[in-house]
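Each remark here refers to the structure printed beneath this line.
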Amino acid sequence: MPVDPVCGMEVGEDTRWKAEYEGKVYYFCCEHCYKSFIRNPSKYVR
Ligand SMILES: [Zn+2]
């Protein structure tokens, strides 16, 4: 199961909150995590 890189929660791939960054798709539990990631992706991706 994918892990939300912002809060560390496991998220189903059917979530409507997802974003592609540097060729990889990330999934989020909620709009809040999604927006935090979009604002500053490099903060959450190693
Ligand atoms: Zn989250």
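3 is the number of the first residue of the sequence shown in this note's numbering; add one for each residue after it.
From the three backbone atoms N, C-alpha and C, an ideal C-beta is built for every residue, glycine too.
Smallest Cα separation from residue i: which of the options?
| i | options | result |
| --- | --- | --- |
| residue 11 | 40, 44 and 28 | 28 |
Three-state secondary structure (DSSP) at residue i?
| i | result |
| --- | --- |
| residue 46 | coil |
| residue 12 | strand |
| residue 33 | helix |
Between the beta-carbon of residue i and the beta-carbon of residue j, is there less than 9 Å?
| i | j | result |
| --- | --- | --- |
| residue 23 | residue 4 | no |
Quick one, what's near ligand 1 if you take every residue whose CB is closer than 6 Å to any heavy atom, in chain order?
In chain order, the hits are 6, 8, 9, 11, 30, 31, 32 and 35.
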